[in-house]
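Here is the structure:
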């Protein structure tokens, strides 16, 4: 028996692409794809976009993800970061 898992990636483009208008569509796609790992680029730190996706996926679809998030180390550290939502156990960050 082979084991498999699903990975998806998405660039949220901070808030440049109308996050309030896009987030429901993104959430619906997350519920449809049900990835085991979702890698997110350019998460918007002030709006907590990755946390919103994690919480909304749990509430709407029962998908429980652990969030691992890191801010940038350059001048964008206060507004932008990278994140992973995973259904696997996180042993170390």
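In the numbering used here, the protein residues as written are 31 to 123.
Backbone N, C-alpha and C fix where the C-beta goes; we use that ideal spot for every residue, glycine too.
As the structure is a computational prediction, the values presented were derived from the model and not from experiment.
So, with DSSP's three-state summary, where would you put residue 51? For the purposes of this step, residue 51 is taken as the residue at position 21 of the chain shown. If DSSP states are grouped into helix, strand and coil, residue 51 belongs with the helices.
Inspect the beta-carbon positions of residue 37 and residue 66 and report whether they are closer than 9 angstroms. Residue numbering aside, residue 37 sits at position 7 when the chain shown is read from its first letter. Residue numbering aside, residue 66 sits at position 36 when the chain shown is read from its first letter. For residue 37 and residue 66, yes; Cβs fall inside 9 angstroms.
Would you give the residue range spanned by the alpha helix (DSSP H) that residue 79 belongs to? Walking along the chain shown from the start, residue 79 turns up at place 49. First-last of the alpha helix (DSSP H) with residue 79: 79–91.
Three-state secondary structure assigned by DSSP to residue 70: The sequence position of residue 70 within the chain shown is 40, counting from 1. Residue 70: strand per DSSP, three-state reduction.
Do residue 114 and residue 86 have their CB atoms nearer than 9 angstroms? For the purposes of this step, residue 114 is taken as the residue at position 84 of the chain shown. For the purposes of this step, residue 86 is taken as the residue at position 56 of the chain shown. Not a contact, by the Cβ cut-off of 9 angstroms.
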